[in-house]
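K.L.:
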Amino acid sequence: MYLKLLGACLTVAGTGALGFYLGNRYLQRVRDLERLINLLNFLKSEIRYKATPLPEIFAKMANSEEGTVARLFEIKDKTLPVNQGLKKALVEGFFQTALLKREQEILLAFAEKIGMSDLREQENLLNYTCEQLKLVLAESRQEAEKNVKLVNYLGVLVGAFLVLLFF
Amino acid sequence: MREVFEILTPTLRKVLEGVDDLPLEEIRIRKNRPLSLIFGEEEVFINARGEYTFDQDNGVGLAEEEFLALFQLITASSYYALEEELKQGYITIKGGHRIGFTGQAVLENGKIRHIKNVSSINIRIAREIKGVAENFAPYLVNNNGEPVNTLILSPPRSGKTTMLRDLARIFANGSALLGIPGIPVGIVDERSEIAASYKGEPQLDVGIRADVLDGCPKAQGMIILLRSMAPKLIVTDEIGREEDVGALVEVANAGVAIFTSAHARDMDDLKRRLRFLPFLKLGIFERYVILSRREGPGTVEAVLDAQGKVIIGRD
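Protein chains in written order, with UniProt numbering: chain A, 1 to 167; chain B, 1 to 315.
(1) Going by the DSSP bridge assignment, what does B:V116 pair with across the sheet?
(2) Residues in its own chain within less than 6 Å of B:A69 by CB, not counting five upstream and five downstream?
(3) Can a CB atom of chain A be found closer than 7 Å to the CB of B:A76?
(4) Taking B:E306 and B:F279 to be in contact with their CB atoms under 8 Å, please state how far apart those CB atoms are, rounded to whole angstroms.
(5) Closest by CA to B:P138, which one among B:G179, B:Y198 and B:E42?
(6) Rounded to the nearest angstrom, how far is the Cβ of A:A111 from that of A:K134, given a contact under 8 Å?
(7) For a quick check, are the C-beta atoms of A:R25 and A:A98 less than 7 Å apart?
(8) Less than 6 Å between C-beta atoms, sequence neighbours within five positions excluded: which residues of the same chain meet that for A:F58?
(9) Relative to the C-alpha of A:L107, which candidate in A:M116, A:T129, A:A160 and A:Q96 has its C-alpha closest?
(10) Do B:T260 and B:L151 have their C-beta atoms within less than 7 Å of each other?
(11) So the candidates are B:L153, B:G246, B:Q104 and B:I74; which of them puts its Cα closest to the Cα of B:D268?
(12) With respect to the beta strand (DSSP E) encompassing B:A262, which residues constitute its N-terminal and C-terminal limits?
(13) Would A:G19 be called buried (16 or more neighbouring beta carbons within 10 Å of its own) or exposed?
(14) Quick check: B:V188 and B:M222, are their CB atoms within less than 7 Å of each other?
(15) The beta strand (DSSP E) that contains B:E43, what's its start and end?
(16) So, with DSSP's three-state summary, where would you put B:D189?
(17) At which residues does the alpha helix (DSSP H) containing A:Y21 begin and terminate?
(18) Let's see if you can read the secondary structure: which residues bound the alpha helix (DSSP H) around B:F279?
(19) Hey, how far is the Cα of B:E42 from the Cα of B:R265?
(20) Is the region 159 to 172 of chain B touching the region 205 to 212 of chain B in the sense that three or more CB pairs, one from each, lie closer than 8 Å?
(21) For a contact meaning CB atoms closer than 9 Å, what does B:R113 contact in chain A?
(22) Establish whether the CB of A:V91 and some CB of chain B are separated by less than 7 Å.
(23) By the criterion of Cβ-Cβ separation under 7 Å, what are the contact partners of B:A69 in chain A?
(24) Looking only at DSSP bridge pairs, what is B:R98 linked to?
(25) Is it the case that the region 139 to 148 of chain B contacts the region 190 to 198 of chain B, given that we only count it when at least three CB pairs across the two stretches are under 8 Å?
(26) For B:Q72, which residues in chain A fall below 7 Å Cβ to Cβ?
(27) Taking C-beta to C-beta, are B:V206 and B:A196 nearer than 7 Å?
(28) Would you please state the rounded distance, in angstroms, between the beta carbons of B:R157 and B:L204? I believe it to be under 8 Å.
(29) Whose CA, out of B:L233, B:V132 and B:Q88, lies closest to the CA of B:K111?
(30) Out of curiosity, what's the CA-to-CA distance linking A:E131 and A:P81?
(31) Answer yes or no: do B:G61 and B:P34 have a C-beta to C-beta separation smaller than 7 Å?
(32) Alpha carbon to alpha carbon, how far is B:L16 from B:I123?
(33) If the cut is a Cβ gap below 7 Å, which residues of chain B does A:E47 touch?
(34) Does DSSP classify B:L35 as helix, strand or coil?
(35) Find the nearest neighbour of A:L150 within the set A:L5, A:K4, A:T79 and A:G16, judged by alpha-carbon distance.
(36) Is there a Cβ from chain B that is less than 7 Å from the Cβ of A:L39?
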């Protein structure tokens, strides 16, 4: 009897935790997108006002307090041109963030062109990238609002359903 | 050369291994065309096996992708940070080496905004040759040991800039051996060729008392130096513009000596060139140094006085 009770509790706790984890991914994605936009705004300021070379800016960004998203800009392979180094870092570090493929595609397209043109075109590129990310951010906020509670409850309810079914 | 290797792609680095010991002057890289290396008067190509060849038909070059990677390495993928330099078509890297670019010029109000779609890169290796001006430097001073206004004449690539750099070094350091005391020297380095400055800091030895105004138009620079650094000698390269005349007059009136240069084979050639007439009319130059490439760049043919009389000469 006690064993069954323990099993039921563990089942509900497990599925509930899974629900909370999945719900948290939605919130984490929102946070990561906000941080990413902050970082790109920092990049924009460094380029516009200080004309700092990209390797220096990326090093500053990687050491910032913007969590795992900041690590996306940590270029480890110094033998590659900075663009290619950034692309590699983006691909390798992406799984550590809550960002999705759509954001990765935006960032890879950005990495393709960053540093390759004059100030005006760089500003255009950064504005365009930030605008795209802001759209994704707005959608991700809506998704989070809609889904977080749902997934949280669903986790617990699935657990409860399994308990009813098997115990 | 170490600084040049840092901005090359791995393939190019491999091809150029060992070239450090040779008198390499330029690396000319054109997209999808054979790469060439300039050693003095010789042009050498690289064949498909990575060996040197004189046969241009066997020469290989960089394909699009590697050319782009090279450009990114040169600019540290920060084209915008070099925008001002790139408008002029070249940048100077650490070590004073100069990299020239050509491609598609983007204009705005009739002026170049920047160069895009770069298709040719020319890496010019900076090599300072210390001591080349020591033989004739003592002839460029008056009885008080002060420098006198001097114009160096030579055709292109005959060592004018090298001479000016060495003269700046000699006068800024002073030389007991040559009987020249060290004096404050101001250098207006409009094209970053004399001191080869990188981020404002001279990369080549121009002497301990030299102050360099890098990338500044000559006429403006001479006046700024006069007012700000109180030099006793101003060194600048390749005069010839209208506004340079006024600046030279102001420098001369301030009692500051000037060492400069002009493109001309000799005095007769100089007199034939209309744009130099205002400079000659000023009558401020007390010495003319004639250079040639007869025995390699920097061959001193003669040092003449204000009247064109030979003070020292080869013949």
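Ideal Cβ placement from N, Cα and C applies to all residues, glycine included.
What you are looking at is a predicted structure, and each value in this text was computed from that prediction instead of being measured.
P.N.:
A quick look at the data gives this:
(1) The question names Val, but residue 116 of chain B is Lys in the sequence shown. DSSP, once it has assigned bridges, lists B:Q104 as partnering B:K116.
(2) T9
(3) It does; some Cβ of chain A falls within 7 Å.
(4) A small correction: the amino acid at residue 306 of chain B is Ala; Glu does not occupy that position in the sequence shown. About 13 Å; that fails the 8 Å criterion.
(5) Ranked by how close their Cα comes to the Cα of B:P138, the residues B:G179, B:Y198 and B:E42 have B:G179 in first place.
(6) The pair is not a contact, with the Cβ atoms about 19 Å apart (cut-off 8 Å).
(7) yes
(8) F73 and I75
(9) A:T129
(10) yes
(11) B:L153
(12) A257 to H263
(13) Counting the other Cβ atoms within 10 Å of the Cβ of A:G19 gives 16 or more, which makes it buried.
(14) Cβ atoms of B:V188 and B:M222: closer than 7 Å.
(15) Looking at the DSSP string, the run of the beta strand (DSSP E) that includes B:E43 is E42 to I46.
(16) In this structure, B:D189 counts as strand in the three-state DSSP scheme.
(17) It spans Y2 to S45 - the alpha helix (DSSP H) in which A:Y21 sits, taken as one unbroken run.
(18) L277 to L282
(19) Annotation: B:E42 to B:R265 spans about 23 Å, alpha carbon to alpha carbon.
(20) yes
(21) D118 and R120
(22) no
(23) P81
(24) B:T92 and B:R124
(25) no
(26) P81, V82 and N83
(27) no
(28) A Cβ-Cβ separation of about 17 Å leaves B:R157 out of contact with B:L204 under the 8 Å criterion.
(29) Cα-wise, what sits closest to B:K111 is B:Q88.
(30) Straight-line Cα distance between these residues: approximately 26 Å.
(31) yes
(32) 13 Å
(33) Reading off the sequence, residue 47 of chain A comes out as Ile, not Glu. Y80, listed in chain order.
(34) coil
(35) A:G16
(36) no
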